[in-house]
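Participant:
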Amino acid sequence: MTEEIIIAGFGGQGVLSMGKILAYSGAMQDKEVSWMPSYGPEMRGGTANVSVIISDQRISSPIISQFDTAIILNQQSLDKFEKSVKPGGVLLYDPNGVINPPKRTDINIYKVSATEKSAELGLAKVFNMMVLGAYLKIKPVVTEEFIEKGLMKSLPERHHGLIPENLKAVQTGKELVEAVRTL
Amino acid sequence: MAKELKLMKGNEAIAEAAIRSGCDGYFGYPITPQSEVMEYLMAEKPWERTGMVVLQAESETSSINMVYGGAGVGKKVMTSSSSPGISLMQEGLTYLAGAELPAIIANVVRGGPGLGTIQPSQADYFQATKGGGHGDYQLFVLAPATVQEMYDFVFLGWEIAFKYRNPVMILSDGAIGQVMEKLYVGDYVPRWTDEELKKNAPWASYGKPANREHHIITSLELDSAKQEEHNHKLQAKYREMEEKEVRFETIDCEDADYIFVAYGSSARIAQKAIQLGREKGIKVGLLRPITLFPFPKKPIAEFSKKVKGILTVEMSAGQMVEDVRLAAEFRCPVEHFGRYGGIIHTPHEVLEALEEKIIKAK
Amino acid sequence: MFNPDIVKPENLVYKRTDVLTKAVMHYCPGCGHGTTHRIVAEVIEEMGIQDKAICIAPVGCSVLAYNYFEVDSLGAAHGRAPALATAIQRLFPDHHTFTYQGDGDLAAIGTAETIHACNRGENIVIIFINNGIYGMTGGQMAPTTLIGMKTATSPYGRTVELNGYPLQITELLAELPGTYYVTRQSVHTAAAVRKTKRAIRQAFENQKNKKGTSFVEVVSNCNSGWKMTAPKANEWMVENMFVKYPIGDIKVDGEKVK
Ligand SMILES: Cc1ncc(C[n+]2csc(CCOP(=O)(O)OP(=O)(O)O)c2C)c(N)n1
Ligand code: SF4
Ligand SMILES: [Mg+2]
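Protein chains in written order, with the working numbering: chain A, 31 to 213; chain B, 7 to 368; chain C, 14 to 271.
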């Protein structure tokens, strides 16, 4: 199994940390992982993206241009990465602020209204964990047990009190995800 | 040795390795894409645990000269930077080489020329392996391709640097600096005591005891005859490195009709291109130089007798290809492929280049 | 004339310090470099810190200072001595690292290293030989060259229009909170030598007490570069250099002298 993922959105949406938690969880589950951020001034307020690879084998290139899954959190990123999903792959997006929804018909498209839901629950901080939950519902590449371990490893100890809240958000995300168009 | 699993960026791995390998001092100046090295060290405060000194200098000129000072008194000292900063360090590097001082310089390369881009590049191969500063000298150049190697090569770097009394450059790029991967770290190697320092760096200017003459660390020799002699000694050392310290890795080369020669990030990308190629029935392998100086000339020469063609892959306009051609001596076609200026080639592009430049061109 | 009978320990009035090697110095006769070397070496001997003293030689006429000081030494690249000293003193906090630099080295090419080492308050001693010229390279203009002074690269005399003003780097450094002791001395008379030696002693004592940067400027002649006899050069120095670069303490115990 090799899963190549891009997560893209605005800086501040927790794109990088979502990728990190996913990578940590994979590592805890004894998989090979890599996490490659876009870096530089574009991260300051603008868009941010990170590619994450989770694999049973040694990862050759951490730098990839074609993805099994794209997790998209704003219009710009959708415009940029829709075309980079491998045929038959998955595109998961949050419809908040998206005016031109994805058009491809050779991939599986899902949406998760995490922005709306997290605002409704007053849980904007764990928005990204809802999205992660939605992704894991579609592709259970790591199990819940290891998500918890990944959180423990990636969050500094003083924030470990927040783990239950994060796990709940993952659960909410799983319930929230909807298929738009699947093959 | 107890191995502990971590997930870290390449830059952080260098910093963690510094602390764990008993480094005495790190001197640096911020520059993207390697600023995490000093940021990590400052956050970790190793001076409270191991006594390691960490200092932000006023420029790369200063940081490399701080390294020169620390190395001259026999301490394990290092710096890191990226291309424009490394250019500024060239003066210090040739002085280090001339005075035969051990030190580690990590270069997380970005695209140039000039201020260029902050994105990854491998266009500083010439600068790293062919001098960069003035005079006949060589840095020992290690090219990590993984976060684990970013870590491991700090340990290896100290070994080589002190064995040969020569500066060691760890030449990576923005991609390896920024990527986060699994990393296994080992036990802490304690910093040298004063006694150990005197044993491991007996030549150093650590303070003159009453029972010996003073030590002088310098690269100056006004007597040309002596300077030539010194140069002979340096050259002999470089030849010894070529004899004993060449490191490389081969992947899928046993049955290969073609090989890629690529180091660092490009080697990772080439590995993926091999998978793609083999799916299409193209038997291609990879020779990954781990030391860029000394360069794996002999294995490349051997392959040039066996394969139908070699493609070097490097994020540059074609630098390492010159060394590969010299090693292959026209026994087989040798071409270069690479995106540059901060663009990273994709595995598909690499495979396509192999097909276009080597396979079809025949 | 030589009477071997008087060579007895009780008659000893002057002795070459063992902190200087027996190498014959290459300095021009009458140049201040040699005298300054001697008093630095004497201070190191008197304080018993030879095993902890680390000399950082510059690039300039004193590039070979490490051949004369019988202490462990390093030759720095032009201007970089304070960077070396910074690292060494931090790595060996109980050592006595000192730099010995000319005006070109310290106040032109190495200005950044100098200012930042002083600003960080590095616990080092800086000995600064200001002769208003690049002695080593054949008498070119230095940042400290006086207005009107003729040098190889200001053959008609330095002008403000072309070259700006002589740089009073020492006053500038005294403004930085990191400097603990800043003084300007000379070595052209026996009395001046004694005072300078006291200043250098003070600098190394400060270092022992971990007070921060101690900076001792020595205004010196470069008789060759100035194209004068040594006595004439000293006279010219008193009449001209001392006007722009007045002798005396500028900062003592961290306080500016009024
Ligand atoms: C990078 C570099 N640039 C220029 C030189 C040439 N150079 C050698 S000594 C010197 C000037 C030294 O003058 P100063 O520091 O005043 O010392 P002095 O000889 O007067 O004692 C110069 C420019 C050099 N060695 N290195
Ligand atoms: S050239 Fe000037 S500074 Fe150099 S030794 Fe002669 S007199 Fe002294
Ligand atoms: Mg001078």
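Glycine residues also receive a C-beta, built at the ideal position from the N, C-alpha and C atoms. Just so it is clear, the structure is predicted and the values come from calculations on it, not from any experiment.
Quick one, are the C-beta atoms of A:Ser-55 and A:Phe-157 less than 8 angstroms apart?
Facilitator: For the purposes of this step, residue 55 of chain A is identified with residue 25 of the first sequence, where counting begins at 1. For the purposes of this step, residue 157 of chain A is identified with residue 127 of the first sequence, where counting begins at 1. Contact: no.
Participant: Touch check for the region 181 to 199 of chain B and the region 94 to 103 of chain A: three-plus C-beta pairs under 8 angstroms?
Facilitator: no
Participant: Mind pulling the chain B residues with CB within less than 7 angstroms of C:Ile-101?
Facilitator: For this step, residue 101 of chain C is matched to residue 88 along the third sequence. Gly-75, Gly-76, Val-79, listed in chain order.
Participant: Please return the same chain residues whose Cβ sits closer than 6 angstroms to the Cβ of B:Glu-10, not counting the five positions on each side in sequence.
Facilitator: As a position in the second sequence, residue 10 of chain B is number 4, starting the count at 1. Around B:Glu-10: Val-191.
Participant: If B:Gly-291 and B:Ile-257 are in contact, beta carbons under 8 angstroms, what's the gap, nearest whole angstrom?
Facilitator: For this step, residue 291 of chain B is matched to residue 285 along the second sequence. For this step, residue 257 of chain B is matched to residue 251 along the second sequence. So it is a contact: roughly 6 angstroms between Cβ atoms.
Participant: Does ligand 3 have a heavy atom nearer than 7 angstroms to the CB of C:Gly-117?
Facilitator: On the third sequence, position 104 is the one that residue 117 of chain C refers to. Yes, the Cβ of C:Gly-117 comes within 7 angstroms of a heavy atom of ligand 3.
Participant: Can you pull the chain A residues whose beta carbon is under 8 angstroms from the beta carbon of B:Ala-181, in chain order?
Facilitator: Along the second sequence, read from residue 1 onward, the residue named residue 181 of chain B stands at position 175. Per Cβ cutoff of 8 angstroms: Met-66, Pro-92, Ile-93.
Participant: Of all the CB atoms in chain B, is at least one closer than 8 angstroms to the CB of C:His-46?
Facilitator: Residue 46 of chain C sits at position 33 when you count from the first residue of the third sequence. It does not; no Cβ of chain B falls within 8 angstroms.
Participant: Do the CB positions of A:Ile-168 and A:Val-120 come within less than 8 angstroms of each other?
Facilitator: Here residue 168 of chain A corresponds to residue number 138 of the first sequence, with the count starting at 1. Here residue 120 of chain A corresponds to residue number 90 of the first sequence, with the count starting at 1. Yes, they are a contact pair.
Participant: Cα separation between B:Thr-397 and C:Gly-45?
Facilitator: Nothing about residue 397 of chain B can be reported from this structure: the residues present for chain B run from 7 to 368 only.
Participant: Tell me whether the beta-carbon of B:Gly-98 lies closer than 8 angstroms to the beta-carbon of B:Tyr-74.
Facilitator: On the second sequence, residue 98 of chain B is found 92 positions in, with the first residue counted as 1. On the second sequence, residue 74 of chain B is found 68 positions in, with the first residue counted as 1. Against a cut-off of 8 angstroms, the Cβ pair of B:Tyr-74 and B:Gly-98 comes out as a contact.
Participant: Quick one: residues in its chain with C-beta nearer than 6 angstroms to the C-beta of C:Ile-182, no 5 flanking neighbours on either side, listed in chain order?
Facilitator: The residue you call residue 182 of chain C lines up with position 169 of the third sequence. Taken in chain order, the residues that qualify are Ala-120.
Participant: Does the beta carbon of A:Glu-146 come closer than 8 angstroms to any beta carbon on chain B?
Facilitator: Position 116 of the first sequence, counted from the first residue, corresponds to residue 146 of chain A. Not an interface residue.
Participant: Could you tell me whether the Cβ of A:Val-115 comes closer than 8 angstroms to any Cβ of chain B?
Facilitator: Here residue 115 of chain A is taken as the residue at index 85 of the first sequence, counted from 1. Cβ-Cβ to chain B under 8 angstroms: no for A:Val-115.
Participant: Per DSSP, which residues does C:Asn-143 bridge with? Please list them.
Facilitator: By one-based count along the third sequence, residue 143 of chain C stands at place 130. Bridge partners of C:Asn-143: C:Val-232.
Participant: Are at least three pairs of beta-carbons, each pair with one atom in the region 126 to 135 of chain C and one in the region 150 to 170 of chain C, less than 8 angstroms apart?
Facilitator: Touching, no, given that fewer than three Cβ pairs across the two stretches are closer than 8 angstroms.
Participant: Could you confirm whether any beta carbon from chain B is found closer than 8 angstroms to the beta carbon of C:Asn-97?
Facilitator: Counted from its first residue, the third sequence places residue 97 of chain C at position 84. Note that residue 97 of chain C is Leu in the sequence shown here, rather than Asn. It does; some Cβ of chain B falls within 8 angstroms.
Participant: Tell me, to the nearest whole angstrom, how far the beta carbon of A:Val-200 is from that of A:Gly-163; I am working on the premise that it is less than 8 angstroms.
Facilitator: Here residue 200 of chain A refers to the residue found at position 170 of the first sequence. Here residue 163 of chain A refers to the residue found at position 133 of the first sequence. Approximately 4 angstroms separates the beta-carbon atoms of A:Val-200 and A:Gly-163; this is inside 8 angstroms, confirming the contact.
Participant: What does the Cβ neighbour count give for C:Ala-100, buried or exposed, with the cut at 16 atoms within 10 Å?
Facilitator: Translated into positions along the third sequence, residue 100 of chain C becomes position 87. Around the beta carbon of C:Ala-100, 16 or more other beta carbons sit within 10 angstroms, so the residue counts as buried.
Participant: CB of C:Tyr-147 to nearest heavy atom of ligand 3: below 7 angstroms?
Facilitator: Along the third sequence, one-based indexing puts residue 147 of chain C at 134. Flag set: Cβ of C:Tyr-147 near ligand 3.
Participant: Using a 10 Å radius around the Cβ and a threshold of 16 neighbouring Cβ atoms, would you call C:Gly-261 buried or exposed?
Facilitator: Working through the third sequence from its first residue, we reach residue 261 of chain C at position 248. That one is exposed.
Participant: What residues in the region 336 to 367 of chain B bring their beta carbon closer than 8 angstroms to a beta carbon of chain A?
Facilitator: Ile-350, Thr-352, Pro-353, His-354
Participant: B:Ala-216 CB to nearest chain C CB: under 8 angstroms?
Facilitator: Counting from 1 along the second sequence, the entry for residue 216 of chain B is found at position 210. Output row for B:Ala-216: interface = yes.
Participant: Within its chain, find whatever has a CB closer than 7 angstroms to the CB of C:Lys-264; leave out the 5 residues flanking it on each side and keep chain order.
Facilitator: Taking the third sequence and counting its residues from 1, the one referred to as residue 264 of chain C is at position 251. Ala-187, Thr-192, Tyr-194, Val-195, Val-270.
Participant: Under 8 angstroms between C-beta atoms, does C:Gly-88 make it to chain B?
Facilitator: For the purposes of this step, residue 88 of chain C is taken as residue 75 along the third sequence, with counting starting at 1. Flagged as an interface residue toward chain B: C:Gly-88, by a C-beta distance shorter than 8 angstroms.
Participant: Does at least one heavy atom of ligand 1 sit under 7 angstroms from the Cβ of B:Gly-98?
Facilitator: Translated into the one-based positions of the second sequence, residue 98 of chain B becomes position 92. B:Gly-98 Cβ: outside cutoff for every heavy atom of ligand 1.
Participant: Taking only heavy atoms of ligand 3 into account, decide whether any of them is closer than 7 angstroms to the Cβ of C:Ala-155.
Facilitator: Taking the third sequence and counting its residues from 1, one reaches residue 155 of chain C at position 142. Yes, the Cβ of C:Ala-155 comes within 7 angstroms of a heavy atom of ligand 3.
Participant: Can you give me the C-alpha to C-alpha distance between A:Met-73 and B:Leu-357, rounded to a whole angstrom?
Facilitator: Against the first sequence, residue 73 of chain A aligns to sequence position 43. Against the second sequence, residue 357 of chain B aligns to sequence position 351. Only weak support is given to the placement of A:Met-73: the predicted model assigns it a pLDDT of 47, under 50, and the question is left unresolved by the model.
Participant: So which residues of chain A does B:Ser-322 contact, with C-beta pairs closer than 7 angstroms?
Facilitator: Here the question's residue 322 of chain B lines up with position 316 in the second sequence. Going along chain A, no residue has its Cβ under 7 angstroms from B:Ser-322, so there is no contact; the nearest lies around 16 angstroms.
Participant: Mapping the DSSP letters down to three states, classify B:Ile-296 as helix, strand or coil.
Facilitator: Residue 296 of chain B sits at position 290 when you count from the first residue of the second sequence. In this structure, B:Ile-296 counts as coil in the three-state DSSP scheme.
Participant: Taking Cβ positions only, does C:Gln-114 come closer than 8 angstroms to chain B?
Facilitator: Numbered from 1 along the third sequence, position 101 holds the residue referred to as residue 114 of chain C. False, the Cβ-Cβ gap to chain B never drops below 8 angstroms.
Participant: Report yes if the C-beta of C:Ile-137 is less than 7 angstroms from at least one heavy atom of ligand 1; otherwise report no.
Facilitator: Reading the third sequence from its first residue, position 124 is the one you call residue 137 of chain C. No.
Participant: Where B:Val-114 and A:Glu-33 are concerned, what is the direct C-alpha to C-alpha distance, given to the nearest angstrom?
Facilitator: Numbered from 1 along the second sequence, position 108 holds the residue referred to as residue 114 of chain B. Numbered from 1 along the first sequence, position 3 holds the residue referred to as residue 33 of chain A. Taking the straight line joining both Cα atoms gives about 28 angstroms.
Participant: Run down chain B in chain order and give the residues with a C-beta less than 8 angstroms from the C-beta of C:Glu-126.
Facilitator: Translated into the one-based positions of the third sequence, residue 126 of chain C becomes position 113. What C:Glu-126 touches in chain B: Glu-64, Thr-67, Ser-68, Asn-71.
Participant: What three-state label does DSSP hand B:Glu-255 in the structure shown?
Facilitator: The residue you call residue 255 of chain B lines up with position 249 of the second sequence. The answer is strand: DSSP assigns B:Glu-255 an E or B state.
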